[in-house]
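Asks: Sharing a structure with you now.
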Amino acid sequence: MSKIKKKRLGFVLDMTPLVDITFLLLTFFMFTAKFKSESENQQKVEIKRPKTQADTAKLADKDLVMVKVGVDSVLKDTAWYVSMINEQDITSLRQAMLEAKFPGADDKTVSFKVTDTVWLGKIVQSCRVVNPKASFAIDADKRLRYEWIERAVNEMRKNRATTFNFVTEKRQGL
Amino acid sequence: MAGGGGDLGGGKTQRRGKKGKRKSKKRLGFRLDMTPLVDITFLLLTFFMLTTSMITPQTMEMNVPPEMDVPIEVKQSELLTLRLREDGVIFYNMGLDAPEKIALKALRKVVIDQNVQLKNRCIVVLKASADAPYGLVVSILDELNMAEPEILSGLKAAGINERKRKFTVAPMEAKDIEEIKGL
Numbered sequence: 076m077s078k079i080k081k082k083r084l085g086f087v088l089d090m091t092p093l094v095d096i097t098f099l100l101l102t103f104f105m106f107t108a109k110f111k112s113e114s115e116n117q118q119k120v121e122i123k124r125p126k127t128q129a130d131t132a133k134l135a136d137k138d139l140v141m142v143k144v145g146v147d148s149v150l151k152d153t154a155w156y157v158s159m160i161n162e163q164d165i166t167s168l169r170q171a172m173l174e175a176k177f178p179g180a181d182d183k184t185v186s187f188k189v190t191d192t193v194w195l196g197k198i199v200q201s202c203r204v205v206n207p208k209a210s211f212a213i214d215a216d217k218r219l220r221y222e223w224i225e226r227a228v229n230e231m232r233k234n235r236a237t238t239f240n241f242v243t244e245k246r247q248g249l
Numbered sequence: 010m011a012g013g014g015g016d017l018g019g020g021k022t023q024r025r026g027k028k029g030k031r032k033s034k035k036r037l038g039f040r041l042d043m044t045p046l047v048d049i050t051f052l053l054l055t056f057f058m059l060t061t062s063m064i065t066p067q068t069m070e071m072n073v074p075p076e077m078d079v080p081i082e083v084k085q086s087e088l089l090t091l092r093l094r095e096d097g098v099i100f101y102n103m104g105l106d107a108p109e110k111i112a113l114k115a116l117r118k119v120v121i122d123q124n125v126q127l128k129n130r131c132i133v134v135l136k137a138s139a140d141a142p143y144g145l146v147v148s149i150l151d152e153l154n155m156a157e158p159e160i161l162s163g164l165k166a167a168g169i170n171e172r173k174r175k176f177t178v179a180p181m182e183a184k185d186i187e188e189i190k191g192l
């Protein structure tokens, strides 16, 4: 008998390159994936962002005050949802808001739902105190009346936050 | 990593280090069944591929003047006023001219022309009605942003290399509403 005399019924396929590529893709997607933050989990509003075409910058991921304007899917009322991105800022803001007796705030709130301009002014002011470097971003639904944005902008102006961002979505294609 | 292929059938127990009578085969390396590993990897890959959203939100930077008690006077002739009525109709006028209706698509050309004609001194004011949809306001801002490169090249052709952008958002006053009513 010769050394190699084995019957092969199937055929052998080298899986190595396939596994290599799969791992590569897996690593890529794992690193690029971004999970929803806690504040996003709490909110129940859906925001359809306006689409823009011009060259716009990416949204900063720190030192940011997010002012979301949206319609509550259950209560059907429009409100501002103010939150901050930096973890320690949220903690400080929460403390400030608890001291000011913000209605509905507890020690777990990360996104403050505001429905009147007076509280919006106070919360904007607190944000400025907590982190003077933070920039403001307005993330509003495109179907909303402009009044909601104008009122938020006015409150920011009062607190000398004259530079802010509108969060938009890039229109695909031309 | 070699040896990944071939034994996809799996399940056979291998005898190691036993020099039996039946099989006198020499094994130098060892075989590792890669099937479960690859299975899990594919599962994770599919999961991450489906959960990742590639489009990140963009931002549009805006500047507004701080609150001041003293109004700053500007030349009416250099003022391009854009007004957005609550039904979404856009009006524009230079200085004290009568407001004219304009389509969103045509806006860019007007802004470019005025800016180039006035050689950088044009001030654009946007007054949006409180009841106008926010999406349209952003579309107008987008048009103004898209006009910038063409304004730059227009100014360059006129021999000006510097561009000072003057743009502001102002509240809609009762006077403004009256002016564009019924147009």
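As you go down the protein sequences, you meet chains V and E in turn. Just add 75 to wherever you are in the first sequence, counting from 1, and you've got our numbering. Just add 9 to wherever you are in the second sequence, counting from 1, and you've got our numbering. Just so it is clear, CB atoms sit at the ideal spot from N, CA and C, and this is done for glycine as well.
1) Just the chain E side, please: which residues come within less than 9 Å of P207 (chain V) by C-beta, in chain order?
2) Looking at the secondary structure, which residues open and close the alpha helix (DSSP H) in which G38 (chain E) lies?
3) With a threshold of 7 Å on Cβ separation, who are the neighbours of V178 (chain E) within its own chain once the five nearest residues in sequence on each side are excluded?
4) Just to make sure I have the definition right: I need the residues of chain V whose C-beta is within less than 8 Å of the C-beta of Y101 (chain E). Which are they?
5) Please decide whether E188 (chain E) counts as near chain V, where near means a Cβ-Cβ distance under 8 Å.
6) Taking only runs of the alpha helix (DSSP H) that begin and end inside the stretch 216-244 of chain V, which ones reach a length of at least 4 residues, in chain order?
7) If you draw a straight line from the alpha carbon of V173 (chain E) to that of A107 (chain E), how long is it in whole angstroms?
8) Kindly indicate if chain V contains any beta-carbon less than 8 Å away from that of L113 (chain E).
9) Within the stretch 168-205 of chain V, note down every full alpha helix (DSSP H) run reaching 4 residues or more, in order along the chain.
10) Using beta carbons (cut-off 8 Å, strictly below), is E225 (chain V) in contact with chain E?
11) Compare the C-beta of N124 (chain E) with all C-beta atoms of chain V and state if any pair is closer than 8 Å.
12) Under 8 Å Cβ-Cβ, which residues of chain E neighbour Q128 (chain V)?
13) Can you tell me which of the three DSSP states D95 (chain V) falls into?
14) Closer than 8 Å, CB to CB, is D140 (chain E) near chain V or not?
15) For the alpha helix (DSSP H) containing P45 (chain E), list its first residue and its last residue.
16) Check each candidate in V:T97, V:K109, V:I198, V:N161 and name the one with the smallest Cα separation from A227 (chain V).
17) With 16 as the cutoff for other CB atoms within 10 Å, does L84 (chain V) come out buried or exposed?
18) Can you tell me whether DSSP reads D151 (chain E) as helix, strand or coil?
Replies: In short:
1) Working through the first sequence from its first residue, we reach residue 207 (chain V) at position 132. None at all; the shortest Cβ gap to chain E is about 15 Å.
2) The count along the second sequence starts at 1 and reaches residue 38 (chain E) at position 29. G38 (chain E): not part of any alpha helix (DSSP H); DSSP gives it neither H nor E.
3) Against the second sequence, residue 178 (chain E) aligns to sequence position 169. Taking V178 (chain E) as the centre and dropping the five residues before and after it, the same chain places the C-beta of V73, L135 closer than 7 Å to its C-beta, in chain order.
4) Locating residue 101 (chain E) in the second sequence gives position 92, where the first residue counts as 1. Chain V residues near Y101 (chain E): none, gap ~17 Å exceeds 8 Å.
5) As a working note, residue 188 (chain E) is residue 179 in the second sequence. Chain V has no Cβ within less than 8 Å of the Cβ of E188 (chain E).
6) Within the stretch 216-244 of chain V, complete alpha helix (DSSP H) segments of at least 4 residues are found at 221-233, given in chain order.
7) Reading the second sequence from its first residue, position 164 is the one you call residue 173 (chain E). Reading the second sequence from its first residue, position 98 is the one you call residue 107 (chain E). The sequence given here places Lys at residue 173 (chain E); Val does not occur at that position. Going from the Cα of K173 (chain E) to the Cα of A107 (chain E) covers about 27 Å.
8) Walking along the second sequence from the start, residue 113 (chain E) turns up at place 104. Judged by the 8 Å Cβ criterion, L113 (chain E) is not in contact with chain V.
9) Listed in chain order, the complete alpha helix (DSSP H) runs (minimum 4 residues) inside the stretch 168-205 of chain V are 192-205.
10) The count along the first sequence starts at 1 and reaches residue 225 (chain V) at position 150. Yes - at least one Cβ of chain E is within 8 Å of the one on E225 (chain V).
11) For the purposes of this step, residue 124 (chain E) is taken as the residue at position 115 of the second sequence. It does not; no Cβ of chain V falls within 8 Å.
12) Here the question's residue 128 (chain V) lines up with position 53 in the first sequence. By Cβ distance, chain E contributes D151, M155.
13) Working through the first sequence from its first residue, we reach residue 95 (chain V) at position 20. Note: D95 (chain V) maps to helix in three-state DSSP.
14) Residue 140 (chain E) sits at position 131 when you count from the first residue of the second sequence. Closer than 8 Å to some Cβ of chain V, the Cβ of D140 (chain E) qualifies, so yes.
15) Within the second sequence, numbered from 1, the residue matching residue 45 (chain E) stands at position 36. Start and end: 44-60.
16) As a position in the first sequence, residue 227 (chain V) is number 152, starting the count at 1. Out of V:T97, V:K109, V:I198, V:N161, V:I198 has the C-alpha closest to the C-alpha of A227 (chain V).
17) For the purposes of this step, residue 84 (chain V) is taken as the residue at position 9 of the first sequence. Around the CB of L84 (chain V), fewer than 16 other CB atoms lie within 10 Å, so the residue is classed as exposed.
18) As a first step, residue 151 (chain E) is located in the second sequence; it is residue number 142 there, counting from the start. Residue state, collapsed to three classes: helix.
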